[in-house]
Amino acid sequence: MNLDKVISGFFIILAMTLNFGFFYGDMHTIESHSKYELFAAIVVNLIATILKLGDKTQVGSVLLATSLVADIQLIAAATVWTIAVYGSGMNSEIMAVIVSLSGGALLANLTSVALYVGDTLKSKR
């Protein structure tokens, strides 16, 4: 068993599940989405990105790209949330934008997990 692969896989899958936890719920209801879960998703996605930096393979490059996309989407969602709270005020329209950005990150995370599983299944013992 390769401990590096276990740790990397753990963070890749945890990033996806945390992102899904934030994304799930009524898009326009502010109470359905926790700012703490968004923060946790950002932190875990950044950790997963850091773990992908050392991989020099083609699949590793694509995994890093998907992780960077997820990071940018989640950071943009947190930025919109912060600007809304301290600026114009939070409403259902702004929450829909935040959840949509999180949905883009979720799609990137799903792609990352699919590539990771595919690469694992393809590798020889």
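Heads up: the sequence shown begins at 0 in numbering that gives the first Met the number 0, then just goes up one per residue. We put the beta carbon where it would ideally sit given N, CA and C, even for glycine.
Backbone secondary structure at residue i - three-state DSSP
i, result
"L67", "helix"
"N108", "helix"
"K123", "coil"
"S33", "coil"
"D25", "coil"
Identity of the residue in the options nearest residue i by Cα
i, options, result
"G103", "I71, W80 and T119", "I71"
Delimiting residues of the alpha helix (DSSP H) encompassing residue i
i, result
"M15", "L2 to F22"
Beta carbon proximity, residue i to chain D, threshold 8 Å
i, result
"V68", "The structure shown contains no chain D; it is built from a single protein chain."
Would you mind listing the alpha helix (DSSP H) stretches within the segment 41-105 that are 4+ residues and don't spill past its ends, in chain order? Runs found: 57-85.
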